[in-house]
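The sequence shown runs 347 to 500 under our numbering.
Every residue gets a Cβ at the ideal spot worked out from N, C-alpha and C, and that includes glycine.
The structure under discussion appears below in the form of structure tokens.
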Amino acid sequence: MLYSQALEKKTNVSLLDVGSGAGFPGLPLKILVPELRVTLLEPNEKKTSFLRHVIGTLDLKDVSVVSMSLRDFSRVTSGHGRFSCITTRAVAVEEVLPFSAPLLEEGGRVVFCLTKTFDCDPGPQGLRVAREFSYDLPHGFGHRVLTVLEQAAA
347 MLYSQALEKK TNVSLLDVGS GAGFPGLPLK ILVPELRVTL LEPNEKKTSF LRHVIGTLDL
407 KDVSVVSMSL RDFSRVTSGH GRFSCITTRA VAVEEVLPFS APLLEEGGRV VFCLTKTFDC
467 DPGPQGLRVA REFSYDLPHG FGHRVLTVLE QAAA
């Protein structure tokens, strides 16, 4: 799974999956990297109910589900500086960046699944493009770019 390439190869990695929906990529990453601590952030109660059901059915540990928007979650000070990596798939860059930087631990990363390369380097919120992975979806479903932003050195 390409998202795993964006994770740093270190211990004690914590992931925030923004707009988790049905749990992708957060749940597959947890299965692939069992020691990963995952928080699935999803404002839709119906979707969070589904996520809790899947987590229970698969007996996954160190996975929490938060039913809240990123904007509201970023206001909760206990979340600040807590995450090694933030992932998102179907949420616009401009909706994520202003609220994600305070949630990252030092040297943390934000990973976006985009349809084109990220054209702002250095990026806003003290983030810069660290890596990009380009790939084509099967059956002609389009082109994607997995963009990894990380905090620029101070």
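For T461, there is no enclosing beta strand (DSSP E), as DSSP marks it with neither H nor E.
In this structure the segment 406-416 touches the segment 371-388; the number of beta carbon pairs closer than 8 Å is three or more. Taking 7 Å as the cut-off, the beta carbon of L449 is found closer than this to the beta carbon of F429. The beta carbon of K376 lies closer than 7 Å to those of L382, V384, L406 and V409 in the same chain, with the five residues before and after it left out. In the pairwise beta carbon analysis, the segment 442-462 is classified as touching the segment 483-491: at least three pairs are separated by under 8 Å.
S446: member of the alpha helix (DSSP H) spanning V439 to S446, first to last residue. At a cut-off of 4 residues, the continuous stretches assigned as alpha helix (DSSP H) that sit fully inside the segment 357-410 are 372-378 and 391-404. Of the candidates L373, S415, G367 and V379, the residue whose Cα lies closest to the Cα of T403 is L373. If you draw a straight line from the Cα of V494 to the Cα of V475, it is about 6 Å long. Between E451 and G427, the gap from beta carbon to beta carbon is short of 7 Å.
CA-CA distance, S395 to V359, rounds to 25 Å.
Taking every protein chain shown into account, the CB of L378 has fewer than 16 other CB atoms within 10 angstroms, so this residue is exposed. Per the DSSP secondary-structure output, L449 pairs with nothing in a beta bridge.
It is roughly 8 Å from the alpha-carbon of R477 to the alpha-carbon of L492. Excluding residues up to 5 positions away in sequence, F445 lie with their Cβ nearer than 6 Å to the Cβ of R417 in the same chain.
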